[in-house]
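Structure first, commentary second.
Number of protein chains: 2
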Amino acid sequence: MTKQRALILRLVRGSCAHKTAEQIWQAAKAEMPSIVMATVYNNLNALAEAGEIIRVRVAGGPDRFDKTVTRHFHLVCDECGEMTDLTGVQDPTAQIEGEYGVCLSAMEINAHYICSKCMEGRS
Amino acid sequence: MTKQRALILRLVRGSCAHKTAEQIWQAAKAEMPSIVMATVYNNLNALAEAGEIIRVRVAGGPDRFDKTVTRHFHLVCDECGEMTDLTGVQDPTAQIEGEYGVCLSAMEINAHYICSKCMEGRS
DNA sequence: ATTCAGATTTAGAATGATTCTAAAAAGGAG
DNA sequence: CTCCTTTTTAGAATCATTCTAAATCTGAAT
């Protein structure tokens, strides 16, 4: 556990936003100006592989990193990219595994919309 | 409707596979050797915008293009990328719209697994 | 505390997918 | 056939991400 990895984990855990690697890099540079993008990716990948955080891949934008590791889904604004956790949505994993006789390793559910802020800005 | 656009539409409609832009380009070059990648993308984008085909964005790989335009979800092999339509999966759109008071423009549901072919190859 | 092997960081190049640009060519309404 | 618009082409550019190789750091064993 290097300083860099600890910093990146702290940054992901310290925000409710689903930050991009770029945003995490910006925040990290404020505390550690020498840190480079590759280190941010290295650590985000390592942390995701270790199950400490989750990498969320979403259509039409860069990946996001999420501190919430329990299975949940996302609501994504197609204009500003803001991402909100969706709780209480029925999980179709069991249904799919039963009907198709497969074992799922992961499930992405991304609901796309335009958030109220962006909707206003359209007059 | 140019020759190129007609060709690309025919190629997407003529296969059950969810081809990538690259694969469509390869197939298109067989019939029209001068066609360039940008034209393939231009037309795939135009056709998707016109609702003739659907662009499917999936974690960890290039976008796929789907002739089936009714709402459905996908099963994706994380090893070979093969994509299968999922029918009969309950659509959580209405539930999310009701609970969150939003209007969804799109919904992605991608279930990830390792297909039987790839599973065998792992011995 | 010192050493050493292995993991990590850095800087920058490389990659893959996709989009953009500007000029040439094609489409189609009249 | 002519003019205007749209599309194609070729290639550069962009974005997100990964890779490479050399320098540095980490942690375990001395």
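Chains as they are written, first to last, in this note's numbering: chain A, 1 to 123; chain B, 1001 to 1123.
No residue lacks a Cβ here, since even glycine has one placed at the ideal position from N, Cα and C.
Nearest in C-alpha terms to Gln95(A), of all of Asn1042(B), Val1089(B) and Ile1008(B), is Val1089(B).
Across the segment 1004-1020 of chain B, no CB contact with chain A closer than 8 Å is found for any residue. By the criterion of a C-beta distance shorter than 8 Å, Tyr41(A) is surrounded in its chain by Ala21, once the five residues flanking it on both sides are discounted. By the neighbour-count definition (other C-beta atoms within 10 Å, threshold 16), Asn43(A) is a buried residue. Nearest to Val69(A) by C-alpha distance, out of Ala48(A), Thr84(A), Cys80(A) and Gly61(A), is Ala48(A).
Cβ neighbours of Val1102(B) within its own chain (closer than 8 Å, five residues either side excluded): Ile1096.
Counting only unbroken stretches of 4 or more residues, the alpha helix (DSSP H) elements lying wholly within the segment 1016-1075 of chain B are 1021-1031 and 1037-1049, in sequence order. Residue range Lys3 to Arg13 is occupied by the alpha helix (DSSP H) that includes Ile8(A). Under the 8 Å criterion on CB atoms, His1072(B) is classed as non-interfacial with respect to chain A. In this structure, the beta-carbon distance from Cys80(A) to Lys29(A) does not fall below 8 Å. With respect to chain A, the C-beta atom of Gly1060(B) has a partner C-beta closer than 8 Å. In this structure, DSSP gives Thr93(A) a helical state, which the three-state scheme calls helix.
At a cut-off of 8 Å, the C-beta of Gly88(A) has a neighbouring C-beta in chain B. Here the C-alpha atom of Tyr113(A) lies approximately 5 Å from the C-alpha atom of Cys77(A). Approximately 6 Å separates the beta-carbon atoms of Glu108(A) and Glu1108(B); this is inside 8 Å, confirming the contact.
Between Asp1066(B) and chain A, the shortest Cβ-Cβ separation is not below 8 Å. A check of alpha carbon separations from Ala59(A) across Cys115(A), Arg122(A), Asn110(A) and Phe65(A) identifies Asn110(A) as the nearest. Against chain A, the CB of Glu1082(B) has no partner CB under 8 Å away; the residue lies outside that interface.
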